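Protein sequences appear in the order of chains A, B, C and D. Sequential numbering from 26 applies to the first sequence in the numbering used here. Sequential numbering from 26 applies to the second sequence in the numbering used here. Sequential numbering from 414 applies to the third sequence in the numbering used here. Sequential numbering from 414 applies to the fourth sequence in the numbering used here. All C-beta atoms, glycine included, are put in the ideal place defined by N, C-alpha and C. A quick note: this is a predicted structure, and the numbers were derived from the prediction, not measured.
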Amino acid sequence: MNLRVQYFALLREQAGRSEERVTTNAATPAELYTELKTRYPFQLTREQLKVAINAEFRDWTTPLADGDSVVFIPPVAGG
Amino acid sequence: MNLRVQYFALLREQAGRSEERVTTNAATPAELYTELKTRYPFQLTREQLKVAINAEFRDWTTPLADGDSVVFIPPVAGG
Amino acid sequence: MSLFRFTRATIDGALVRAELADPASGGFASFEGWVRNHNEGREVRRLEYEAFEELAVKEGERIVRAAIERFGVAHALCVHRVGVLEVGELAVWVGVSSGHRGEAFQACRFIIDEVKHRVPIWKKEHYVAGDSGWVNCEHCAAAATSPEPVPV
Amino acid sequence: MSLFRFTRATIDGALVRAELADPASGGFASFEGWVRNHNEGREVRRLEYEAFEELAVKEGERIVRAAIERFGVAHALCVHRVGVLEVGELAVWVGVSSGHRGEAFQACRFIIDEVKHRVPIWKKEHYVAGDSGWVNCEHCAAAATSPEPVPV
């Protein structure tokens, strides 16, 4: 399965990139984040993050589909 | 006793003037207003008005002194 | 720094706002009263504001100073128009700068509420139909809540 | 009419305010977030705002629409800066026009609170001391400036 992953803020800095194509067997965002943590020095826990799939907030257990665009959202600080 | 009386808003229109010198024996703003009501078609009651003497809010029973400047304040509507 | 004042000219929001600029403040709340085209079922063409300026400025300053102390905000200012205003014009401007937004909102709300309630300013509405009337004079009993008289 | 948007250019308060002009509205409340020179005991030189714009605009529009419906106000708008901002610059602007001031204040407060809480926007502080850190991320600031990643 091919996914697009975008990184913002701290995760962007720690991944060293803004986005990438990822080929994975991860079935959910939870599995995907665990996999990405082996590749990048991500310290934020799942409790600190939210998930967006195709630019909508989703659960960690939402099934991923080929072509999905995934974003892990660090604690926000607008305003 | 000589007083200066200023009129604003509805009272100014009903008195037909913005201010005047008044020679009176009225000892308080209450007595002064009663006297002025005989001269002008004022309909506002004392309950609807406030009193200022020398540009500070005062009671209806505050003793008046020669040279005081008196204003009867109709219901306000700023903003 | 001015706390409360009247003006006969158009209020320039950007200019008055600049008076409250403060590099230590992260929040700025403001309120504007605009002349609207209707009130209590009547179509309004323009307004006329009149003030007992000598007392109004003192009372307005007391209100703004009280807001600064009570809510601990950095700066606050209220500017009120007098004279003839057309529909859409800015009649009153209140601005508050503060370290935190909660206090800025509270202080801003406090100032406009107190100004409307206590400051000797009067508003005459000129209606599209041609007649006119002083606002709050049909509801005098409700509006005549007295503030505490200043001790002699 | 736009409800929420981002801009890379300086926000002109007078221009965005004009978008909410309404002859039927008598009250206008606004909030501005300014870049301040300190935060949590650190001296701040400048800020950097970053947003996941595709989701942020949708979420921001949902918030402003909810405020309009919930408080029954006439118009509302939020504009947020992204990019590098110096101390004193306007980071976020919220404006609400309404028939009555109570609802305008409530809607304005609701919008800024929800935007800060829910919209995917991030703020990096650059300190006078030379280091920097992501705001609201307890372990982020240290990690963001660590020369070596801390082992997981």
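Helix, strand or coil for residue i? Go by DSSP, reduced to three states.
i, result
"Gly104 (chain B)", "coil"
"Val477 (chain D)", "helix"
"Thr48 (chain B)", "strand"
"Tyr58 (chain A)", "helix"
"Ala487 (chain D)", "coil"
"His513 (chain C)", "coil"
"Arg421 (chain D)", "coil"
"Gly426 (chain C)", "helix"
"Phe67 (chain B)", "coil"
"Phe465 (chain D)", "coil"
"Glu456 (chain C)", "strand"
"Val502 (chain D)", "Checking the displayed sequence, the identity of residue 502 (chain D) turns out to be Glu instead of Val. Three-state result, Glu502 (chain D): coil."
"Val528 (chain D)", "helix"
"Val470 (chain C)", "helix"
"Ala90 (chain A)", "coil"
"Glu445 (chain C)", "strand"
"Ala437 (chain C)", "coil"
"Ala556 (chain C)", "Its pLDDT being 38, under 50, Ala556 (chain C) is placed unreliably in this model, and the coordinates cannot settle the point."
"Glu432 (chain C)", "coil"
Less than 9 Å between CB atoms is the rule here; does residue i satisfy it with respect to chain D?
i, result
"Val500 (chain C)", "yes"
"Glu56 (chain A)", "no"
"Pro533 (chain C)", "no"
"Val95 (chain A)", "no"
"Glu101 (chain A)", "According to the sequence provided, residue 101 (chain A) is Val. The question's Glu does not apply to it. True, the Cβ-Cβ gap to chain D drops below 9 Å."
"Ala80 (chain A)", "yes"
"Ser440 (chain C)", "Here the sequence assigns Gly to residue 440 (chain C), which means Ser is not the residue at that position. Chain D contact via Cβ: present."
"Ala437 (chain C)", "yes"
Less than 8 Å between the CB atoms is what I'm expecting for residue i and residue j, so what's the real figure, rounded?
i, j, result
"Asn452 (chain D)", "Ala437 (chain C)", "Contact doesn't hold; Cβ gap of about 11 Å is too wide."
"Leu387 (chain C)", "Tyr540 (chain C)", "An answer regarding residue 387 (chain C) cannot be provided, because it is not within the stretch 414 to 565 covered by chain C."
"Gly440 (chain D)", "His513 (chain D)", "6 Å"
"Glu44 (chain B)", "Arg29 (chain B)", "6 Å"
"Cys550 (chain D)", "Ile524 (chain D)", "The Cβ separation is near 23 Å, so there is no contact."
"Val532 (chain D)", "Glu472 (chain D)", "5 Å"
"Ala469 (chain C)", "Asp435 (chain C)", "Contact flag wrong, Cβ pair sits at about 27 Å."
"Phe444 (chain D)", "Ala442 (chain C)", "5 Å"
"Val429 (chain D)", "Val457 (chain D)", "That belief does not hold up - the Cβ atoms of Val429 (chain D) and Val457 (chain D) are roughly 25 Å apart, past 8 Å."
"Phe417 (chain C)", "Val477 (chain C)", "5 Å"
Does residue i get closer than 9 Å to chain C when you measure Cβ to Cβ?
i, result
"Gly512 (chain D)", "yes"
"Lys75 (chain B)", "yes"
"Leu69 (chain B)", "yes"
"Gly104 (chain B)", "yes"
"Ala34 (chain B)", "yes"
"Ala427 (chain D)", "yes"
"Asp544 (chain D)", "no"
"Thr37 (chain B)", "Thr is not the amino acid found at residue 37 (chain B); the sequence shown has Arg there. Closer than 9 Å to some Cβ of chain C, the Cβ of Arg37 (chain B) qualifies, so yes."
"Phe518 (chain D)", "yes"
Give a yes or no on whether 9 Å exceeds the smallest Cβ distance from residue i to chain A.
i, result
"Ile525 (chain D)", "yes"
"Tyr462 (chain D)", "yes"
"Arg430 (chain D)", "no"
"Phe465 (chain D)", "yes"
"Val509 (chain D)", "no"
"His400 (chain D)", "A query on residue 400 (chain D) cannot be resolved here, the shown segment of chain D reaching from 414 to 565 and no further."
"Asn450 (chain D)", "no"
"Gly446 (chain D)", "yes"
"Glu472 (chain D)", "yes"
"Cys521 (chain D)", "no"
"Val492 (chain D)", "no"
"Val477 (chain D)", "no"
"Val406 (chain D)", "Since the first and last residues shown for chain D are 414 and 565, residue 406 (chain D) lies out of range."
Tell me the residue span of the beta strand (DSSP E) that contains residue i.
i, result
"His539 (chain C)", "Ile534 to Tyr540"
"Arg449 (chain C)", "No beta strand (DSSP E) holds Arg449 (chain C); DSSP gives it neither H nor E."
"Trp85 (chain B)", "Trp85 (chain B) -> no beta strand (DSSP E), and no H or E assigned at all."
"Leu28 (chain B)", "Asn27 to Gln31"
"Ser43 (chain B)", "First-last for Ser43 (chain B): undefined, no H or E at that position."
"Ser545 (chain D)", "Ser545 to Trp547"
"Val76 (chain B)", "Lys75 to Ile78"
Got a sec: is the Cβ-Cβ distance from residue i to anything in chain B below 9 Å?
i, result
"Leu468 (chain C)", "yes"
"His530 (chain C)", "yes"
If I follow the unbroken alpha helix (DSSP H) through residue i, where does it start and stop?
i, result
"Leu40 (chain B)", "Note that residue 40 (chain B) corresponds to Ala in the displayed sequence, not to Leu. Unbroken alpha helix (DSSP H) run through Ala40 (chain B): Ala34 to Ala40."
Using a Cβ-Cβ cut-off of 9 Å, state whether residue i counts as contacting chain E.
i, result
"Met26 (chain B)", "No chain E appears in the structure shown, which is made up of the protein chains A, B, C and D."
Item to check | the region 70 to 78 of chain A contacting the region 51 to 63 of chain B, beta-carbon criterion three pairs below 8 Å | outcome: No contact exists between the region 70 to 78 of chain A and the region 51 to 63 of chain B.
Checklist entry - Are three or more beta carbon pairs between the region 71 to 91 of chain A and the region 501 to 513 of chain D nearer than 8 Å? => result Counting Cβ pairs under 8 Å, fewer than three are found: no touch.
Checklist entry - Can at least three beta-carbon pairs, one atom from the region 35 to 53 of chain B and one from the region 82 to 100 of chain A, be found at a separation below 8 Å? => result In short, these stretches do not touch, since the Cβ pair count stays below three.
Checklist entry - If we count Cβ pairs, one from each stretch, closer than 8 Å, do we get three or more for the region 527 to 542 of chain C versus the region 423 to 430 of chain C? => result No contact exists between the region 527 to 542 of chain C and the region 423 to 430 of chain C.
Next on the checklist: Tell me whether the region 77 to 90 of chain B and the region 465 to 484 of chain C touch, counting them as touching only if at least three CB pairs, one residue from each stretch, are closer than 8 Å.
Outcome noted: In short, these stretches touch, since the Cβ pair count reaches three.
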